[in-house]
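Step one of this worksheet: look at the structure below.
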Amino acid sequence: MKKIFLVAEREILQKIRTPSFIIMTLLTPLLIAGFVGLIIYLTQTEKTEQKVWVVDESKLFEGRLQPDDYTTFSYTQKKLPDAVREFSDKGYTCILWIAPNIVEGGDGAVKIIYKKSPGLAFQTYLKNQLEKILYEEKLRANQIDPMVIHNAKQKVQVIMEKVDKYGNAKDQTQFQLLGFFMGFLMFMFITVYGMMVFRSVLEEKTNRIVEIIISSIKPFQLLAGKILGVAVLGIGQFLVMAGISALLMMLMVQFLLKDTLAEYEIFKAQTEMVMKTGATQNLDKLEKFHDKLETFQVLDKLKNIDVAEVLAAFLLYFLGGYLLYSALIAAIASAVDNESDSQQFLMPVMLPLFVAYFSLVRAMENPDASSIVWFSYIPFTSPVIMMSRITSGIPFWEVLMSLVLLFAAIILVLMLAAKIYRTGILMYGQKVTWKTIFQWVFKN
Amino acid sequence: MILQIQHIHKRFHNHVALRDVSFGIPEGVVFGLLGPNGAGKTTLIRIITRIFMPDEGQILFRGKPHADEYVARIGYLPEERGLYRKMEVYEHAVYLGMLKGLNRGKAKEKVEYWMKRWEMMPWKKKKIQELSKGMQQKVQIMASLLHEPELLILDEPFSGFDPVNAALLKEEIINLKNSGTTILFSSHNMNNVEEICDEIVLINKSEKVLEGKVREIQHAHFENTFDFEFEGNVMGFTNALWSGGEVLFSSQIGNRNTVRVRLSPGVELNDVIGSVLPVCRLKEIRQVLPSLHDIFLKTVTGKDKAISSITQTE
């Protein structure tokens with residue numbers, strides 16, 4: 002055991018000291034956080050400050066457009082060509098032109114004239130306002146009080162609630178995108194660390210240090226130490242990366258989403274109030290959050306994720322998947338003389354992992370499809386697929402069963418791999434085929 | 004006997020590597036395991052270091068059946084040897100010492116001892132890949148000595164060594180022998196081994212063909228061959244010799260001739276001296292022992308080619 006740890010220690014220290022490993026560990030969270038941040042940024046900051054000069058030829062809207070934090074309106078009687086000439090000199094960012102016959106509808110009845118694009122959010126904001134004013138105007142023209150219509154509207158919110166087979170409600174909203182992401186992450190980790198074992202074994206074989214080492218320790222100790230070392234490295238790297246990513250994203254959310262989060266809290270409080278009192282008079286307060294509803298739902302789902310459970314599952318399945326594949330990969334690396342010979346052996350071994358990877362999209366769309374359920378039990382695909390299913394909340398016994406199967410398979414595969422490794426590691430210059438590999442397994 | 008090899012058989016799936024090989028290695032000797040390439044030397048060494056298990060037969064280490072725990076008392080320099088290219092010299096050597104069972108402190112102490120002794124301290128922090136081949140070889144030899152093995156096994160130690168390191172290795176082998184270490188080394192090149200080997204075993208085509216003390220083997224294969232050094236005419240010498248022996252070769256420096264003669268069966272040295280004395284002035288007569296190389300070739304090919312070199316004089 003001491004010698005296994007010694008081998009593992011060397012494996013870890015050698016890798017940790019390489020600059021590329023350190024850079025990868027630090028850069029990946031930055032990239033992830035940066036990517037997420039970019040998405041948030043793009044959805045958030047489309048609104049820039051707009052000073053709008055309104056040329057309203059219909060005379061319907063004067064004084065009725067509602068300014069907000071970003072947008073102010075001033076009205077002018079100037080003709081459009083004059084306004085276009087003057088607006089930027091007067092400090093306006095754009096002109097809102099409304100045709101005299103807007104009530105009759107038709108294309109091109111409203112124009113925004115600008116030098117610097119005010120963005121999509123601004124366009125939507127204006128559109129909503131104009132539509133609302135026109136709607137009220139037309140109701141009035143037909144002698145209808147807009148408030149009557151407004152009060153007749155009833156909001157209905159649909160809440161998704163999944164129950165297990167005992168009928169107990171599980172407050173776990175499906176969050177498929179996270180499942181896809183976790184499955185993908187698992188695939189990446191198993192591949193990256195499997196390949197690390199591959200290179201390490203092949204290096205020892207090609208530079209011929211292996212015989213010096215196995216005259217001191219058993220080949221199995223070398224194999225076990227190596228796999229263990231890379232596993233510790235992988236889990237450590239994952240925790241560091243996850244930690245940094247979480248920290249960065251938390252900072253970013255605080256920084257970029259501060260307003261949204263505040264609004265979310267208000268929305269939550271008010272929804273609760275409405276639910277509690279059954280009152281309808283507060284509904285209009287909820288109304289103004291209408292366009293934010295989707296964002297709030299995502300936040301709801303995120304809050305419902307059991308981080309500890311997902312993390313524990315990831316570590317267990319990573320350990321399992323990694324052990325399974327790295328043992329096979331190590332056996333193959335020991336059997337070949339160089340990297341190019343290894344392709345024909347690596348392909349079939351890695352195939353199930355790729356099948357799992359390509360099934361991820363299906364797993365995301367329908368985590369309870371029968372093929373996906375099967376994949377989540379089969380040891381060679383279960384780490385990726387189960388990881389993706391697990392975020393949608395599945396019964397504990399399913400997870401337990403797939404884990405038991407996985408670790409049973411690991412024991413078998415390790416025994417097999419150790420036999421191939423023991424023979425292969427000292428075999429040079431021989432044309433190795435699947436047949437010879439099977440001979441090593443069954444003859445010794 | 005530090006090691007007794009008893010009736011070892013080893014088969015690989017398409018050929019027999021060792022067939023009923025038995026011999027013993029006494030304490031404190033330099034023991035040569037000789038034979039052409041592919042004879043089974045490395046396989047036997049791998050069985051001794053327990054990398055392979057024999058199909059039949061057993062090995063006794065100091066009289067007890069060989070076990071993993073005894074491997075820690077063996078030092079091994081394989082024929083195919085390498086090092087981790089990216090590791091630093093010092094930490095690499097310490098790592099190999101610890102793999103052999105030394106604790107970290109002891110391993111460091113030993114590495115420093117050898118690095119100082121072989122003047123390698125300036126390379127301490129260098130990466131293996133920055134070293135010359137000769138330097139790497141020094142690190143490898145050092146690694147096999149760190150745990151003060153009772154038996155040191157060197158597989159083809161001189162192959163690939165530059166003359167300076169080969170000399171250093173020879174010197175170190177003698178030193179180790181004097182301090183009580185038993186050394187087993189294999190070689191397909193006989194020229195290196197005569198001067199440092201006490202005993203040898205010769206393996207050919209998976210089987211042991213010859214064993215014993217170097218000097219005894221040479222005497223056993225002595226073929227009544229002598230070098231005659233004299234002043235006078237070589238033709239005259241040859242004529243006077245007549246049927247008393249066969250001239251294998253002759254050379255001349257100034258007026259001094261050296262003629263190597265293999266005496267005919269039943270002919271005594273005295274008879275030959277008697278017949279050549281009238282035609283030349285004898286200066287020196289030397290017994291020529293066959294070289295291991297010649298014995299090797301003769302044993303392996305069954306042909307007599309013992310004409311090549313003067314190796315032993317008495």
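Protein chains in written order, with our numbering: chain A, 2 to 445; chain B, 4 to 317. From the three backbone atoms N, C-alpha and C, an ideal C-beta is built for every residue, glycine too. As the structure is a prediction and not an experimental result, all values here were calculated from the model.
Would you check if the distance between the CB atom of residue i and the CB atom of residue j is smaller than 8 Å?
i: Ser267/B; j: Gly239/B; result: no
i: Pro380/A; j: Phe319/A; result: no
i: Glu520/A; j: Leu61/A; result: Given a span of 2 to 445 for chain A in the structure shown, any question on residue 520/A remains unanswerable.
i: Lys116/A; j: Ser89/A; result: yes
i: Ala370/A; j: Val433/A; result: no
i: Gly60/B; j: Ile11/B; result: yes
i: Asp165/B; j: Ser189/B; result: no
i: Val202/A; j: Ala331/A; result: yes
i: Ile40/A; j: Met253/A; result: no
i: Leu154/B; j: Leu105/B; result: no
i: Gly38/B; j: Ile206/B; result: yes
i: Ile144/B; j: Leu172/B; result: yes
i: Gly180/A; j: Arg390/A; result: yes
i: Leu354/A; j: Thr192/A; result: yes
i: Met183/A; j: Met351/A; result: no
i: Phe26/B; j: Lys211/B; result: yes
i: Glu58/A; j: Ala100/A; result: yes
i: Gly195/A; j: Val8/A; result: no
i: Gln238/A; j: Thr26/A; result: yes
i: Ala96/B; j: Ala146/B; result: yes
i: Ser360/A; j: Phe376/A; result: yes
i: Leu224/A; j: Ala419/A; result: yes
i: Val55/A; j: Leu66/A; result: yes
i: Leu251/B; j: Arg263/B; result: yes
i: Gly31/B; j: Lys180/B; result: yes
i: Ile8/B; j: Ile54/B; result: no
I need the boundaries of the beta strand (DSSP E) containing residue i, first residue and last residue.
i: Gln61/B; result: 59–64
i: Tyr76/A; result: 72–77
i: His95/B; result: No beta strand (DSSP E) holds His95/B; the alpha helix (DSSP H) holding it covers 92–102.
i: Asn260/B; result: 259–266
i: Val24/B; result: 18–28
i: Gln7/B; result: 6–15
i: Lys113/B; result: Lys113/B -> not in any beta strand (DSSP E); alpha helix (DSSP H) instead, spanning 107–120.
i: Asp158/B; result: 154–158
i: Phe252/B; result: 248–256
i: Asn207/B; result: 202–207
i: Glu10/A; result: First-last for Glu10/A: 3–17, but that is the alpha helix (DSSP H), not the beta strand (DSSP E).
Please list the terminal residues of the continuous alpha helix (DSSP H) segment that includes residue i.
i: Asn181/B; result: 166–181
i: Asp274/B; result: 272–279
i: Val149/A; result: 147–153
i: Leu404/A; result: 397–425
i: Leu257/A; result: 220–257
i: Ile213/A; result: 211–215
i: Ile77/B; result: Note, Ile77/B: premise wrong, no alpha helix (DSSP H); beta strand (DSSP E) at 77–80.
i: Leu347/A; result: 340–359
Who pairs with residue i in a beta bridge, going by DSSP?
i: Trp98/A; result: Val56/A, Lys112/A
i: Lys130/B; result: Glu91/B
i: Cys283/B; result: Gly235/B
i: Thr228/B; result: Arg265/B
i: Ser189/B; result: Leu36/B, Asp158/B
Could you check if residue i belongs to the surroundings of the ligand HEM, using beta carbon to heavy atom distance under 7 Å?
i: Arg49/B; result: This structure lacks the ligand HEM, and indeed carries no ligand of any kind.
Between the segment 204–218 of chain A and chain B, which residues of the former have CB atoms less than 7 Å from a CB of the latter, in chain order?
Asn208, Arg209, Ile210, Glu212, Ile213, Ile214, Ile215, Ser216, Ser217, Ile218
Against chain A, which members of the segment 116–146 of chain B pass a CB distance test of less than 8 Å?
Gln143, Ala146
Spell out a yes or no on whether the segment 224–235 of chain B and the segment 196–207 of chain B are touching, meaning 3 or more CB-CB pairs, one atom from each, closer than 8 Å.
no
Which residues, in order along the segment 37–54 of chain B, keep a beta-carbon less than 7 Å from a beta-carbon of chain A?
Thr52, Ile54
Counting beta carbon pairs with one atom in the segment 120–128 of chain B and one in the segment 39–46 of chain B, are three or more of them shorter than 8 Å?
no
Contact between the segment 205–222 of chain A and the segment 83–90 of chain B: three or more CB pairs below 8 Å?
yes
Contact between the segment 339–358 of chain A and the segment 212–228 of chain A (3+ Cβ pairs under 8 Å)
no
Chain-ordered residues of the segment 59–70 of chain B with a beta carbon less than 9 Å from chain A
none
For the segment 212–227 of chain B and the segment 278–298 of chain B, state whether three or more C-beta atom pairs, one from each stretch, are separated by less than 8 Å.
yes
Using a Cβ cut-off of 9 Å, which residues of the segment 80–109 of chain B contact any Cβ in chain A, in chain order?
Leu80, Pro81, Glu82, Glu83, Arg84, Gly85, Leu86, Tyr87, Arg88, Lys89, Met90, Glu94, Tyr98, Leu99, Met101, Leu102, Lys103, Gly104
Within the chosen definition, does the segment 14–33 of chain B reach the segment 357–366 of chain A through at least 3 CB pairs nearer than 8 Å?
no
Taking Cβ-Cβ distances below 9 Å as the criterion, which residues of the segment 12–38 of chain B are in contact with chain A?
His16
Residues within the segment 428–441 of chain A neighbouring chain B, beta-carbon criterion of under 7 Å:
Gln440
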